[in-house]
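Novice:
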Amino acid sequence: MQPKLQVLSNIIERLKNVTTTGTGHLYGVKHNDTLTIITFNIDNNSDDTFNTLSFVSFLPTNVDPCGILYIEENDENIPETFKNHEIVLKYLLNNTNAEWYYNNGELEKFSSIEIINENKFKEQFAYVRIQLGIPLIGENEKILDTLKKINEHISSGKVAFYFPSKNIYLFNNNDDDDDMENAQLKELFNVLKTNGGSVHNINAIYANALLQISKREPNNACKHAPVLHQTKYTFDSIEYTFNIDRLVLVNHGVTSLELYKALVKSICQYINIVIMFWKSNPSICIDYVIPLEWFYFKPRILGHLLTVPYISGWDDDSMMSCLKQLHTTLALDLTRPYFRRMNSVQFFNDVQNNDVLINPHESIPSITDGKSSIVYGLYSYHHYMQNEFDDNGWGCAYRSLQTIISWYRLQGYTDIPIPSHKEMQKCLVDIGDKPFNFIGSKQWIGSTEVGFILETLLGINIKILCASNGEEVSFLASDLAHHFETQGTPIMIGGGVLAHIILGIHYNESSGEVKFLILDPHYCGSEKINTVINKGWCGWKSKNFWRKDSFYNMCLPQRPIYITSLYLKQNLMLCVFTVQII
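Just so we're aligned: the sequence shown equals residues 127 to 708 in this note's numbering.
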């Protein structure tokens, strides 16, 4: 019988980046009688660093190997060695044709599959984020034994999970509550209503893990006086908190018992990864402390979350060899950064009320009847009076520049901090554009100065467009659209005494009407998305928004060509990439 198969649409789009023949693996989640394939990786025949088992460690728990990817130029027969796999995808490079097969004693072609987009994926699945801090106290030489005992303790079910959003506890033994054991995730957490999120801010169900440290004895247990055995000897000890932070991907229909097992599996996988890393890289585990930092990423082209480990103290450039392999195995463009620290996502629970807004334009309904060209990726909204700094009336261009630099940070092109007004002024003084007394003043800057600062701080190129009046800005619509389609960066426009950010352009061919997606830095309020949108501080504006008696300069920052480097600080590869997951 043909199984029910769902495929995330991002897979089909990403396969178009593949240019050479080869093989790979498919990964997905199975629930009841439906298999949902969410990603693939390409085998690297020259290096086994990213083998099938190691790649699973990058994925949320429950996303497991489920099939084979076979890439060929022409329509050739699938090799016999692949025919014992559950699912086989044959992808033909010459016509970008994808053929799906299932194993029914022999390979048979699917008569139909369901392609789902990311929104449909969110309607069916939820991320659960587990966090746990374990106090590690013991002898240096025996710390790995301590971790193994903790792993055995957890795998035996001596752990509970607390969900603060609903004040729910999940235990291993639910015999006293059959309703709780059989309750589905969607019933417990209303995930169908709350599983939103954006590219940068991810909504996940939070779970805190609690270890069982005592044992319940039956009432008739033999009672006796406690006995203490003391042994004195000298040894080197270690004491620190071993932090665990993991993701689990589950279908909304899983029962609480199935959820419990998945959470336990995720923690045990993490501990196994750390143990293997420690054994393979003792030289960098200084003072027996594990120097791993875990970051979550969600490139738009993937459509799902990925976890990437970094070594504490290493900068992004020192990790380039590892990141290049990750780009290659995922068939991602090597000219764009996807997994640098600044690319990592935030979870809603980590966002503070006063945090700078990310991509406020995503809350605006899209315009129909025409073509829109919009900024690519992420940026943060910077405006008057932020960070308790009063620049009302003179700092709009400075704030616009901060927004542009935030784009380069959030796309992973730079990790420099967002510069203050004084730092931007000092930059202009250092390059000889302004006198020394410009530092600390309230003097305006324009598009030209913004370009100078971007070239100096980021080392990027910029282009300048000019319009002799506001009406002529519309005449440049095709140039602006081309910029967003090829570069994707926010545009700073200055005219008269005002500066704004252009985030997009919309052109209606039938009416000839042009609209501009504007982000206004003159807003003085708090970080409230409803106020920003409803009051028009971010929104679509007609050509009448521009003053007819003002001259306008537009600064168009260019996207750098990012070539993933091949060097590494040491001749060391994270063993986490080769660990066998059990």
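All residues carry an ideal CB built from backbone N, CA and C; glycine is no exception.
1) Would you call the stretch 598-605 and the stretch 540-560 in contact, with 3 or more CB pairs under 8 Å?
2) In whole angstroms, what is the alpha-carbon distance linking LEU418 and HIS151?
3) What first and last residue would you give for the alpha helix (DSSP H) that runs through LEU215?
4) By Cβ distance, which residues of its chain are closer than 6 Å to ALA607, with the 5 residues on each side in sequence left out?
5) Between which two residues does the beta strand (DSSP E) holding GLY193 run?
6) For ILE294, which residues in the same chain have their Cβ closer than 7 Å to its Cβ, ignoring the five residues on either side in sequence?
7) Give me the Cβ distance between ILE256 and ALA333, rounded to the nearest whole Å; I'm assuming they're in contact under 8 Å.
8) Do you know how far the Cα of ASP481 is from the Cα of LYS667?
9) Hey, would you say PRO616 sits closer than 7 Å to TYR436, going by beta carbons?
10) Do LEU389 and PHE287 have their beta-carbon atoms positioned less than 7 Å apart in this structure?
11) Could you check where the alpha helix (DSSP H) with LYS727 kicks off and where it finishes?
12) So TYR332 is in the alpha helix (DSSP H); what residue range does that whole segment cover?
13) Between TYR386 and the rest of its own chain, which residues show a CB-CB distance below 6 Å, the 5 nearest in sequence each way excluded?
14) Unbroken beta strand (DSSP E) runs of length 3 or more, entirely within the stretch 237-321: which are they?
15) So, for LYS284: in the same chain, excluding its five sequence neighbours on each side, which residues have a beta-carbon less than 8 Å away from its beta-carbon?
16) Look up HIS609 in the DSSP assignment and say whether it is helix, strand or coil.
17) With DSSP run on the structure shown, which of helix, strand or coil describes ILE490?
18) Following the continuous alpha helix (DSSP H) through GLU365, name the residue where it begins and the one where it ends.
19) Decide if GLN356 is buried, meaning its Cβ has at least 16 other Cβ atoms within 10 Å, or exposed.
20) For the stretch 633-649 against the stretch 582-590, do three or more pairs of beta-carbon atoms, one drawn from each stretch, fall closer than 8 Å, so that the two count as touching?
21) Taking GLY519 as the reference, which of THR145, THR146 and TYR510 has the closest Cα?
22) Per DSSP, TYR436 is paired with what?
23) Taking 8 Å as the cut-off, does the stretch 374-383 touch the stretch 246-260 (at least 3 CB pairs, one atom from each stretch)?
24) Please classify HIS151: does DSSP put it in a helix, a strand, or coil?
25) Taking LEU258 as the reference, which of SER526, GLU611 and LEU373 has the closest Cα?
26) May I ask you to verify whether the stretch 231-247 touches the stretch 129-139, counting CB pairs closer than 8 Å and requiring at least 3?
27) Spatial neighbours of PHE562 within its chain, please: C-beta separation below 8 Å, excluding the five flanking residues on both sides.
28) Could you check whether TYR227 and LEU218 sit closer than 7 Å to each other, using their CB atoms as the reference points?
29) In the DSSP output, which residue or residues are listed as bridge partners for PHE671?
30) Just list the residues that DSSP pairs GLY503 with in beta bridges.
31) Going by Cα to Cα distance, which pick from THR149, THR147, ASN167 and THR162 is closest to LEU456?
32) Could you give the C-beta distance for ILE393 and LEU273, rounded to a whole number, given that I count them as a contact under 8 Å?
33) Assuming GLN528 is part of the beta strand (DSSP E), what are its boundary residues?
34) Return helix, strand or coil for PHE601, following the three-state DSSP convention.
35) Opposite GLY665 in the DSSP bridges: which residues?
36) Taking Cβ to Cβ, would you say TYR507 is nearer than 7 Å to PRO486?
Specialist: Quick look at the numbers:
1) no
2) As a working note, residue 418 is residue 292 in the sequence shown. As a working note, residue 151 is residue 25 in the sequence shown. Spanning the two alpha carbons is a distance of roughly 27 Å.
3) Numbered from its first residue, the sequence shown carries residue 215 at position 89. For LEU215, there is no enclosing alpha helix (DSSP H); the residue is part of the beta strand (DSSP E) that begins and ends at 213-218.
4) Within the sequence shown, numbered from 1, the residue matching residue 607 stands at position 481. Shown here for ALA607: same chain residues with a beta carbon closer than 6 Å to its own, the five before and five after excluded, namely SER499 and ILE631 in chain order.
5) The count along the sequence shown starts at 1 and reaches residue 193 at position 67. From DSSP, the beta strand (DSSP E) with GLY193 extends over 190-198.
6) By one-based count along the sequence shown, residue 294 stands at place 168. LEU314, listed in sequence order.
7) Here residue 256 is taken as the residue at index 130 of the sequence shown, counted from 1. Here residue 333 is taken as the residue at index 207 of the sequence shown, counted from 1. Yes, ILE256 and ALA333 are in contact; Cβ-Cβ is about 5 Å, under 8 Å.
8) For this step, residue 667 is matched to residue 541 along the sequence shown. For this step, residue 481 is matched to residue 355 along the sequence shown. Going by the C-alpha atoms only, they are around 26 Å apart.
9) Mapped onto the sequence shown, residue 616 falls at position 490. Mapped onto the sequence shown, residue 436 falls at position 310. No, the pair does not count as a contact, with Cβ atoms beyond the cut-off.
10) For the purposes of this step, residue 287 is identified with residue 161 of the sequence shown, where counting begins at 1. For the purposes of this step, residue 389 is identified with residue 263 of the sequence shown, where counting begins at 1. Against a cut-off of 7 Å, the Cβ pair of LEU389 and PHE287 comes out as a contact.
11) Not covered by the structure: residue 727. The range shown for the chain is 127 to 708.
12) Position 206 of the sequence shown, counted from the start, is the residue given in the question as residue 332. Per DSSP, TYR332 is not a residue of any alpha helix (DSSP H); the beta strand (DSSP E) it occupies stretches across 331-337.
13) Your numbering for residue 386 matches position 260 in the sequence shown. Answer for TYR386: LEU296, listed in chain order.
14) 240-242, 251-265, 285-289 and 294-296
15) Translated into positions along the sequence shown, residue 284 becomes position 158. If we look at LYS284 and ignore the five residues flanking it on each side, its Cβ neighbours are ASN298, LEU337 and GLN338.
16) Walking along the sequence shown from the start, residue 609 turns up at place 483. Here HIS609 sits in helix by DSSP.
17) Your numbering for residue 490 matches position 364 in the sequence shown. Residue state, collapsed to three classes: coil.
18) Position 239 of the sequence shown holds residue 365. It is not in any alpha helix (DSSP H) - GLU365 instead sits in the beta strand (DSSP E) that spans 363-377.
19) Sequence index remark: in the sequence shown, residue 356 carries index 230 (1-based). The residue is exposed, with fewer than 16 neighbouring Cβ atoms inside 10 Å.
20) no
21) Taking the first residue of the sequence shown as 1, we reach residue 519 at position 393. Ranking THR145, THR146 and TYR510 by Cα distance to GLY519 puts TYR510 first.
22) In the sequence shown, the residue the question calls residue 436 occupies position 310. According to DSSP, which records beta bridges pairwise, TYR436 is partnered with GLU419.
23) In short, these stretches touch, since the Cβ pair count reaches three.
24) Residue numbering aside, residue 151 sits at position 25 when the sequence shown is read from its first letter. For HIS151, the three-state secondary structure derived from DSSP is strand.
25) Sequence index remark: in the sequence shown, residue 258 carries index 132 (1-based). Comparing Cα-Cα distances from LEU258 to each of SER526, GLU611 and LEU373, the minimum goes to LEU373.
26) yes
27) By one-based count along the sequence shown, residue 562 stands at place 436. The residues VAL555, in chain order, have a CB closer than 8 Å to that of PHE562 in the same chain once the five nearest residues on each side in sequence are set aside.
28) Translated into positions along the sequence shown, residue 218 becomes position 92. Translated into positions along the sequence shown, residue 227 becomes position 101. No; because the gap between Cβ atoms is not below 7 Å, this pair is not in contact.
29) Here residue 671 refers to the residue found at position 545 of the sequence shown. Paired residues: none, contrary to the question.
30) Walking along the sequence shown from the start, residue 503 turns up at place 377. DSSP lists no partner for GLY503.
31) On the sequence shown, residue 456 is found 330 positions in, with the first residue counted as 1. Nearest option by C-alpha distance: ASN167.
32) Taking the first residue of the sequence shown as 1, we reach residue 393 at position 267. Taking the first residue of the sequence shown as 1, we reach residue 273 at position 147. Actually they do not touch by this definition, with Cβ atoms about 12 Å apart.
33) Counting from one through the sequence shown, the residue named residue 528 turns up at place 402. Taken as a continuous stretch (DSSP letters only), GLN528 belongs to no beta strand (DSSP E), being part of the alpha helix (DSSP H) at 522-536.
34) Your numbering for residue 601 matches position 475 in the sequence shown. Note: PHE601 maps to helix in three-state DSSP.
35) The sequence position of residue 665 within the sequence shown is 539, counting from 1. In DSSP, GLY665 forms a bridge with ILE644.
36) Translated into positions along the sequence shown, residue 507 becomes position 381. Translated into positions along the sequence shown, residue 486 becomes position 360. Contact: yes.
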